[in-house]
Structure formats: structure tokens, C-alpha cells
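Heads up: the structure comes next, in C-alpha cells.
Right, dumping it as C-alpha cells:
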């Protein structure tokens, strides 16, 4: 025969389930942060700045070479 849970057991089970959901959510946030941390805005801005500077340097060198060579 199946045992029916008492009210206290149901409450405890609910607390455990809620706590498990919070822990699972925390773990998923930490995992996302570890996996996608390199996409943080400060890293993206730094990479875009470097790319823009190098692009300007290369374009200016090409324009100078074109003007100098004819």
C-alpha cells in the first residue's frame, strides 16, 4: 500500500525542491559565466578598439604607399 505524505513531509519536500531549484539556477549561472565570460563587454570593446586601430594603421600605410609610388 502506498504511504501518504503528512503535511509536514509535504512542506519539507517543497522546501527541498525549492532549494534544489535555487542551487541548480546558481550552478547554471556560474556555468554560463565560465563558458561565456570572454564575451563580457569590456573584452569586446577592447578587441574592437584594437581592430579599429590596426585597420586605420594599415589603411593609412596603403594610402601613403599609393601616393608615394605614384
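Residue numbers (my numbering): 363 to 432.
For each residue, glycine too, the CB sits at the ideal point set by N, CA and C.
None of these values were measured; they are calculated from a predicted model.
Original post:
To the nearest angstrom, how far is it from the Cα of residue 386 to the Cα of residue 377?
Top reply: 14 Å
**OP:** Output the boundary residues of the alpha helix (DSSP H) element that contains residue 372.
**Re:** 369 to 398
Original post:
How big is the Cα-Cα spacing for residue 404 and residue 419?
Top reply: 23 Å
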